[in-house]
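Here's the structure, in structure tokens; my notes come after.
Residue numbers (this note's numbering): 188 to 703.
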């Protein structure tokens, strides 16, 4: 604010009366107040209107009061096998009544010693309890939790905020998404919560977690969505939400709510170097969980679509080698014989860029889209082949085992000048096929030596690798590989894709081709 400072003597010298000075002071004060008021209003407008964000709630108490009755604790009892000495009657039990160490253990452990001492010549089963969280999604008594909470449990008890404890029956569980559905029997309608749209949740949105950490029950924590699309080991079918609402042991299976009281995630895991909450938790998105839970509710099992391909990510080099416009999609490294992919005419080297109208932004999107497609459904699939987009119709099969649109680990990205291969190659013969464990009709050339510091070495190629194709054409000799490289160079290509077999896994690498 610009302030006008007038000294009284200077004013008098200019012929201004004391009364005028007083009048000026009043007006100056009024002006300063008005300017300050306008500035304050401007700050308020900027704070409330600029970002158009949801206002910070005065309290989460109403929300907590509304949803907490539907959040439950899960108590799972599992048997624990004590010391066993079966099959050796002569061997004394070191914790048995005749043990010379018995007095020491009783003195050290006291009453607890009886809990693990076992008995002579056999097992002694002791109960162990584990705790988790869950929530009611149907007033008839259906309860959602994590599979790892109830896995291996012999008895399951659901505890409510009003103190009730009801035995629960396991309706079904899905280890791939770590979800489970329980059912409690009751004559009265239970408080239940509804699913929200997890796709609509944004990074920075408020979330409230409610659960049973450390068996304390009825615990509410608040935070925001920190990130989306997180990958966790063993969770290839789930794009996890990352939350900073404190989540601890016992919160597993509990809900994460939006401000409307809808479940937008199921708290499942934490990142913790010390075993406690450090503000990094992961939740299964509601849009993923809802379909799984409905499937479990129908028949206790989850039916998934099956395509039958091994895929790998699109790197910058692979995108260049396959003349792709960008790095979106999933590169097919192998098509399983007899699979829906083979029936649809898909082949190694195709890049799947769209599935049933959905864009494959990341290669890990494909397994999720395929799994969510019911078996027997025919869907349009956009692929990239020979430098252009092609559409295929694929009828999904039923994933009836551990098969899935699996992930092939990407190999090192090749670099360097391919004017000299830096390789010693040998055509496959009967002896070589047997040594490498290949079938009699296997084709390709095997690498017998890689020159240090050569482009091949920098590319990650190794002794024992079998190069099966170059530029998507099968090869059977070093000459054919050299010809493929020359053809690619003459055609103005900067890279050439190679299909490499290593320890039973097929994957693509792209080798740079120097322009002469």
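Cβ coordinates follow ideal geometry from the N, Cα and C atoms, glycine included.
Taking the alpha carbon of residue 580 as the reference point, which residue from 527, 381 and 507 has its own alpha carbon closest?
Position 393 of the chain shown holds residue 580. Nearest of 527, 381 and 507 to residue 580, Cα basis: 527.
Check residue 345 in the structure and name its three-state DSSP category.
Locating residue 345 in the chain shown gives position 158, where the first residue counts as 1. Strand at residue 345.
With DSSP as the reference, identify every bridge partner of residue 499, one or two as the case may be.
By one-based count along the chain shown, residue 499 stands at place 312. Partner(s): 518.
Taking C-alpha atoms, which residue in 467, 566 and 338 lies nearest to residue 493?
Counted from its first residue, the chain shown places residue 493 at position 306. The option with the nearest alpha carbon to residue 493 is 566.
Quick check on residue 690: buried or exposed, where buried means 16 or more other Cβ atoms within 10 Å of its Cβ?
Here residue 690 refers to the residue found at position 503 when the chain shown is read from its first residue. By the 10 Å Cβ count, residue 690 comes out exposed.
In whole angstroms, give me the CA-to-CA distance for residue 415 and residue 466.
Start at 1 with the first residue of the chain shown, and residue 415 comes out as number 228. Start at 1 with the first residue of the chain shown, and residue 466 comes out as number 279. One C-alpha to the other measures close to 15 Å.
Span of the beta strand (DSSP E) holding residue 388?
Here residue 388 is taken as the residue at index 201 of the chain shown, counted from 1. Premise fails: residue 388 is in no beta strand (DSSP E) and is neither H nor E.
Residue range of the alpha helix (DSSP H) that includes residue 556
Taking the chain shown and counting its residues from 1, the one referred to as residue 556 is at position 369. 552-558 is the extent of the alpha helix (DSSP H) around residue 556.
Cα separation between residue 408 and residue 477?
Here residue 408 corresponds to residue number 221 of the chain shown, with the count starting at 1. Here residue 477 corresponds to residue number 290 of the chain shown, with the count starting at 1. So the alpha carbons of these two residues sit roughly 23 Å apart.
Backbone secondary structure at residue 256 - three-state DSSP:
Taking the first residue of the chain shown as 1, we reach residue 256 at position 69. Helix at residue 256.
Range of the contiguous beta strand (DSSP E) that encloses residue 373:
Residue mapping note: residue 373 aligns to position 186 of the chain shown, counting from 1. Run containing residue 373: none; DSSP gives neither H nor E here.
With distances taken Cα to Cα, identify the nearest neighbour of residue 633 among 613, 418 and 337.
Taking the chain shown and counting its residues from 1, one reaches residue 633 at position 446. Looking at the Cα atoms, 613 is the closest of the given residues.
Please name the residue, chosen from 393, 525, 261 and 347, that lies closest to residue 338 on a Cα-to-Cα basis.
By 1-based counting over the chain shown, the position of residue 338 is 151. Checked all of 393, 525, 261 and 347; the closest Cα to residue 338 is 261.
Could you pull out every residue in the same chain whose Cβ sits closer than 6 Å to the Cβ of residue 382, ignoring the five residues on either side in sequence?
Walking along the chain shown from the start, residue 382 turns up at place 195. Cβ contact annotation for residue 382 (same chain, cutoff 6 Å, sequence separation greater than five): 450, 473 and 477, in chain order.
Short check: CB of residue 425 to CB of residue 388, under 8 Å?
Taking the chain shown and counting its residues from 1, the one referred to as residue 425 is at position 238. Taking the chain shown and counting its residues from 1, the one referred to as residue 388 is at position 201. Not in contact: residue 425 and residue 388 (Cβ atoms no closer than 8 Å).
Please go through the same chain and pick out, in chain order, the residues whose beta-carbon is closer than 6 Å to the beta-carbon of residue 536, but skip the five residues on each side of it.
For the purposes of this step, residue 536 is taken as residue 349 along the chain shown, with counting starting at 1. The residues are 659.
In terms of alpha-carbon separation, which member of 576, 549 and 582 lies closest to residue 560?
As a first step, residue 560 must be located in the chain shown, where it is residue number 373. Checking every option, the nearest Cα to that of residue 560 belongs to 582.
Pull up the DSSP beta-bridge partners for residue 576, would you.
The residue you call residue 576 lines up with position 389 of the chain shown. DSSP lists 571 as partners of residue 576.
As assigned by DSSP and simplified to three states, the class of residue 639:
Mapped onto the chain shown, residue 639 falls at position 452. Correct three-state label for residue 639: coil.
What is the DSSP secondary structure of residue 534, reduced to helix, strand or coil?
Here residue 534 refers to the residue found at position 347 of the chain shown. Note: residue 534 maps to coil in three-state DSSP.
So what does DSSP say about residue 247, is it helix, strand or coil?
As a position in the chain shown, residue 247 is number 60, starting the count at 1. Reduced to three states, the DSSP call for residue 247 is coil.
I think residue 653 touches residue 698, with their Cβ atoms under 8 Å apart; what is that distance to the nearest whole Å?
Residue mapping note: residue 653 aligns to position 466 of the chain shown, counting from 1. Residue mapping note: residue 698 aligns to position 511 of the chain shown, counting from 1. Incorrect: roughly 15 Å between the Cβ atoms, too far for contact.
Tell me the DSSP secondary structure of residue 452 in three-state form.
Reading the chain shown from its first residue, position 265 is the one you call residue 452. Correct three-state label for residue 452: strand.
Mind checking who residue 698 pairs with in its DSSP beta bridge?
Here residue 698 refers to the residue found at position 511 when the chain shown is read from its first residue. Bridge partners of residue 698: 683.
Looking only at its own chain, which residues have a Cβ that is under 7 Å from the Cβ of residue 231, when we skip the five neighbours before and after it?
For the purposes of this step, residue 231 is identified with residue 44 of the chain shown, where counting begins at 1. Unreliable positioning characterises residue 231 in this predicted model, as indicated by a pLDDT of 36, which lies under 50. The coordinate reading is nonetheless provided below. The answer is none, since no qualifying residue turns up.
How do the region 347-365 and the region 390-399 stand: do at least 3 beta-carbon pairs fall below 8 Å, yes or no?
Short answer: they don't touch.
Quick one: measure Cβ to Cβ for residue 547 and residue 574, integer angstroms, because I've assumed they're closer than 8 Å.
Here residue 547 refers to the residue found at position 360 of the chain shown. Here residue 574 refers to the residue found at position 387 of the chain shown. Contact doesn't hold; Cβ gap of about 18 Å is too wide.
Can you give me the C-alpha to C-alpha distance between residue 611 and residue 664, rounded to a whole angstrom?
Translated into positions along the chain shown, residue 611 becomes position 424. Translated into positions along the chain shown, residue 664 becomes position 477. In a straight line, the C-alpha of residue 611 is about 11 Å away from that of residue 664.
Same chain, Cβ closer than 7 Å to residue 379, five either side skipped, listed in chain order
The residue labelled residue 379 in the question sits at position 192 within the chain shown. 257, 323, 324, 325 and 326, listed in sequence order.
DSSP three-state assignment for residue 509, whether helix, strand or coil
The residue you call residue 509 lines up with position 322 of the chain shown. Three-state DSSP puts residue 509 in coil, outside helix and strand.
In the structure shown, what three-state DSSP assignment does residue 401 receive?
Counting from one through the chain shown, the residue named residue 401 turns up at place 214. If DSSP states are grouped into helix, strand and coil, residue 401 belongs with the helices.
CA-to-CA distance, residue 630 to residue 619, given in whole angstroms:
Numbered from 1 along the chain shown, position 432 holds the residue referred to as residue 619. Numbered from 1 along the chain shown, position 443 holds the residue referred to as residue 630. Rounded to whole angstroms, residue 619 and residue 630 show a C-alpha spacing of 11 Å.
Secondary structure at residue 479, three-state DSSP: helix, strand or coil?
As a position in the chain shown, residue 479 is number 292, starting the count at 1. Looking at residue 479 - three-state DSSP - the assignment turns out to be helix.
From this set, 656, 384 and 496, which residue's C-alpha is nearest residue 453's C-alpha?
Taking the chain shown and counting its residues from 1, the one referred to as residue 453 is at position 266. Ranked by how close their Cα comes to the Cα of residue 453, the residues 656, 384 and 496 have 384 in first place.
Thinking just about the alpha-carbon of each residue, which of 479, 480 and 455 is nearest to the one in residue 468?
Walking along the chain shown from the start, residue 468 turns up at place 281. Of the listed residues, the one whose Cα sits closest to residue 468 is 455.
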